[in-house]
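Counting from 997, one number per residue, gives the positions in the sequence shown under the numbering used here.
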Amino acid sequence: MDSNKKGSVFFSIVTVCYNSEKFIEGTIESVLSQNFKGYEYIIIDGKSTDKTLIKIKSYQNNHKSIALISEEDNGIYDAMNKGIKQSKGEYIFFLNAGDAFYDSDTLEKTFHLIDKNDEIIYGDICQVNGEKEVYKKSIKKITKFHLLLDRMICHQAIFAKRSIFNNHGLFDIRYKISADYDWFISCFKAGVKLKYIPLVISYFDMSGISTSNNIIIQKEHEDIIKNQFGKVVYRFSRFKHWIGNRLKKVTVEKNKNDKL
997 MDSNKKGSVF FSIVTVCYNS EKFIEGTIES VLSQNFKGYE YIIIDGKSTD
1047 KTLIKIKSYQ NNHKSIALIS EEDNGIYDAM NKGIKQSKGE YIFFLNAGDA
1097 FYDSDTLEKT FHLIDKNDEI IYGDICQVNG EKEVYKKSIK KITKFHLLLD
1147 RMICHQAIFA KRSIFNNHGL FDIRYKISAD YDWFISCFKA GVKLKYIPLV
1197 ISYFDMSGIS TSNNIIIQKE HEDIIKNQFG KVVYRFSRFK HWIGNRLKKV
1247 TVEKNKNDKL
């Protein structure tokens, strides 16, 4: 594939933000620093009331390739859907405010690891929580069992072919935090081709909404599993999940006692 044809767009990078003045500059700079230039950059803002828009527009003054939509939305996934509809690239990648590409050659390396028939390509991430960084390897071969145990691939590690959204639909905005989990399961069930690449894709900000609402996440995941796999499979998965948690607690207690 030729990524360097003048004016060609291979990747559509979409950033969703709202009142993100503390984080938006780092995210934008990580995109603009990419040495691979076959991309477009779309920022979907939820009508921010702080200095987010001022900062975005200051970058737009020097980088006309940045497209900005600022309007009220119905949550993160509604904004992400707007980015999909706006996109023109062959593959879409979501890098939300506070997140950043791992390196300036991330897109370049990813491009050379993609085959023309690949539909969803995913790598690893580096989770950031304050000053602490933890590298998280994704599952190399995803199975139904992994999905039932909530072993989701972080969307900051996923490059999805734009045609997938045309064929299998956009994110379901009924889910406020877990619509990407629902969408990924739909793709898996439909037989979409998944390919793991041995590459750290991004820094993932752990202070975001998806990591701070565990009760909502649990409820949404339960509803998604019921809808996607049926009540019988749901009950079995919850039982396996409960057993796994009990075994972990027993192991922790045993380790504590062994140290005494």
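Think of the CB as a built atom: it goes at the ideal place given N, C-alpha and C, for glycine as much as any other residue.
Predicted model, so just to flag it, every value in this text is computed and none were measured.
Candidates the options: closest to residue i by CA position
i	options	result
E1068	V1012, C1122, Q1224, I1052	V1012
N1163	K1172, H1059, G1187, F1155	G1187
S1159	L1028, S1004, K1084	K1084
Y1087	E1115, L1049, S1066, V1196	E1115
I1221	Q1152, F1141, D1046	F1141
W1179	E1129, F1200, H1108, M1076	M1076
I1050	I1213, E1021, S1174	E1021
F1155	K1018, K1047, S1198	S1198
P1194	G1226, F1225, S1134, S1066	S1134
F1090	Y1037, D1168, I1065	Y1037
Buried or exposed (CB count within 10 angstroms, at least 16 for buried), residue i
i	result
E1216	buried
S1258	In the structure as shown, the chain starts at 997 and stops at 1256, and residue 1258 therefore has no counterpart that could be examined.
N1031	exposed
Y1014	buried
T1102	buried
T1045	exposed
S1203	exposed
D1111	exposed
T1139	exposed
Y1131	exposed
N1210	exposed
S1016	buried
H1151	buried
S1208	With a pLDDT of 48 at S1208, under the threshold of 50, the modelled position of that residue is not reliable, and the figure given next carries that caveat. Flag for S1208 reads exposed.
N1092	buried
K1060	exposed
G1071	buried
K1157	buried
S1054	exposed
Residue i - partner residues in DSSP beta bridges
i	result
Y1087	F1007, K1157
S1066	D1041
C1183	Answer is none; C1183 lacks a bridge partner.
L1190	I1116
V1012	I1040
A1096	Y1199
Local conformation of residue i per DSSP, three classes
i	result
S1208	Because the pLDDT of S1208 is 48, which lies under 50, any placement of that residue in the model is unreliable, and the number read from its coordinates should be weighed accordingly. Correct three-state label for S1208: coil.
C1122	strand
E1115	coil
V1130	strand
S1198	strand
Y1177	helix
C1150	coil
Y1035	strand
N1058	coil
Y1073	helix
D1219	helix
S1029	coil
L1049	helix
F1107	helix
I1024	helix
I1138	coil
G1079	helix
I1169	coil
Validate contact between the stretch 1079-1088 and the stretch 1004-1011 using beta carbons, cut 8 Å, 3 pairs: A contact exists between the stretch 1079-1088 and the stretch 1004-1011.
Touch test, the stretch 1173-1187 against the stretch 1117-1128, Cβ-Cβ under 8 Å, three pairs minimum: No, they do not touch.
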